[in-house]
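Following: one structure in structure tokens, then a few remarks.
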Amino acid sequence: MTGPCSVGFEDVCSAAEQLQGVVHKTPVLTSRTVDARVGARIYFKCENFQRSGSFKFRGAYNTLRQLPATTKEVLTFSSGNHAQAVALAGAHLDIQPTIVMPRDAPSVKRAATVGYGAKIIPYDRDEISRETLAEQLATEQRLPIIPPYDHPHIVAGQGTAALELLQDYPDLDVLLVPCGGGGLLSGSLLAAHAIRPTIQVIGVEPDTANDAALSLKSGVLHTVHNPETIADGARTPSLGILTFEIIRNLAHDIVTVSDAAILSAMQLLWERMKIVVEPTGALGMAALLSKAADVDGMNVGVILSGGNVGLNQLQSYLGTT
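Using numbering that gives the first Met the number 0, the first residue of the sequence shown is number 0, and each one after it goes up by one.
Structure (structure tokens):
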């Protein structure tokens with residue numbers, strides 16, 4: 000690490016060493032049906048099979064393990080996947096998490112977070128920002144905050160997913176990565192460009208939550224408040240300061256997709272590959288199907304970032320396609 004707010008490839012490698020034997024090395028799946036459909040060779044990094052159901056466990060554990068040994072409680076804010084990840088990591092490290100979570104967070108994510116042992120403090124998105132509430136509580140209770148994406152240890156941990164993928168498939172031409180707050184995309188950029196400098200790393204976000212695309216295009220950090228999309232993991236209002244800096248310098252592009260494209264991607268993954276992926280996790284696949292990213296004839300990595308979706312919710316989604 001080159002500074003207090005910086006992170007580099009060496010930090011991703013260090014995180015990978017620390018996470019060995021703790022996180023799952025998730026499988027990479029292929030489908031000739033998908034390849035024929037999109038006209039490229041696609042390699043799916045299945046973080047929906049990761050512990051706690053998403054890539055978030057990588058960054059959460061990497062961050063909590065570096066806290067002082069005297070730390071017994073932490074506080075964070077999350078719509079679901081980071082909450083579950085911090086709760087599970089805390090259970091492993093004997094640290095009690097308190098989670099500031101929106102009332103409209105998916106019930107399956109809320110239930111899993113409680114099941115892992117975390118305490119939840121609900122809030123209304125329209126009344127107060129989660130960051131503001133978390134900072135108030137952290138000050139009152141004197142607890143460290145574990146941010147969901149804008150932290151060097153979080154970024155380094157998330158980057159280990161792309162590191163594993165590129166170590167197994169070093170000849171990828173393109174890597175498609177879901178983008179919310181930018182932690183996964185930032186870490187993926189650090190790992191991918193270090194291993195294969197010519198690779199095009201492309202972020203994907205919902206078209207109604209296009210703050211990252213606007214930020215990359217303008218060079219100025221944009222905010223989109225309370226965007227409406229089924230991709231709940233991408234409803235973050237903006238990139239972080241750290242993640243934006245990495246994305247601005249290294250990302251090839253950020254493309255957007257509609258909710259309809261996300262649903263089609265979820266359905267194809269379910270019907271043809273027999274895997275369950277939540278809406279945010281299907282963003283990369285949606286970019287392929289909608290041709291938002293031009294990958295004709297290329298070797299393409301796609302990170303399926305999570306699979307935390309309830310059966311009733313999944314049935315409702317797929318029933319609309």
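Beta carbons are placed, not taken as given, at the ideal position from N, Cα and C, and that holds for glycine.
How is the alpha helix (DSSP H) around residue i delimited, first residue to last?
i: residue 216; result: 210 to 217
i: residue 56; result: 55 to 63
i: residue 138; result: 129 to 140
i: residue 29; result: Counting along the chain, residue 29 falls outside any alpha helix (DSSP H), and DSSP gives it neither H nor E.
i: residue 120; result: Looking at the DSSP string, residue 120 is not in any alpha helix (DSSP H); the run it does join, the beta strand (DSSP E), is 118 to 122.
Quick check: residue i and residue j, are their CB atoms within less than 8 Å of each other?
i: residue 32; j: residue 41; result: no
i: residue 286; j: residue 308; result: no
i: residue 241; j: residue 275; result: no
i: residue 161; j: residue 190; result: yes
i: residue 171; j: residue 141; result: no
i: residue 75; j: residue 44; result: no
i: residue 87; j: residue 56; result: yes
i: residue 157; j: residue 186; result: yes
i: residue 251; j: residue 200; result: yes
i: residue 7; j: residue 153; result: no
i: residue 53; j: residue 80; result: yes
i: residue 280; j: residue 61; result: no
i: residue 164; j: residue 27; result: yes
i: residue 229; j: residue 278; result: yes
i: residue 296; j: residue 39; result: yes
i: residue 215; j: residue 260; result: no
i: residue 132; j: residue 176; result: no
i: residue 66; j: residue 89; result: no
i: residue 104; j: residue 51; result: no
So what does DSSP say about residue i, is it helix, strand or coil?
i: residue 298; result: strand
i: residue 246; result: helix
i: residue 11; result: helix
i: residue 252; result: strand
i: residue 99; result: strand
i: residue 154; result: helix
i: residue 309; result: coil
i: residue 238; result: coil
i: residue 333; result: Absent from the structure is residue 333, since the part of the chain shown begins at 0 and ends at 320.
i: residue 108; result: helix
i: residue 161; result: helix
i: residue 279; result: helix
i: residue 144; result: strand
i: residue 3; result: Its pLDDT being 41, under 50, residue 3 is placed unreliably by the model, and the measurement read from it follows with that caveat. Reduced to three states, the DSSP call for residue 3 is coil.
i: residue 41; result: strand
Would you kindly report the start and end of the unbroken beta strand (DSSP E) that includes residue i?
i: residue 174; result: 173 to 177
i: residue 199; result: 199 to 205
i: residue 73; result: 72 to 76
Can you tell which of the options has its C-alpha closest to the C-alpha of residue i?
i: residue 239; options: 251, 225, 252 and 219; result: 219
i: residue 304; options: 12, 259 and 182; result: 182
i: residue 197; options: 174, 213 and 208; result: 174
i: residue 136; options: 209, 245, 72 and 149; result: 72
i: residue 205; options: 258, 101 and 51; result: 258
i: residue 101; options: 295, 225 and 23; result: 225
i: residue 294; options: 19, 12, 36 and 5; result: 36
i: residue 168; options: 130, 229, 38 and 299; result: 299
i: residue 144; options: 125, 96 and 50; result: 96
i: residue 123; options: 209, 290, 284 and 77; result: 77
Hey, how far is the Cα of residue i from the Cα of residue j?
i: residue 184; j: residue 138; result: 30 Å
i: residue 282; j: residue 203; result: 6 Å
i: residue 120; j: residue 113; result: 11 Å
i: residue 223; j: residue 207; result: 8 Å
i: residue 227; j: residue 235; result: 11 Å
i: residue 193; j: residue 209; result: 27 Å
i: residue 147; j: residue 17; result: 19 Å
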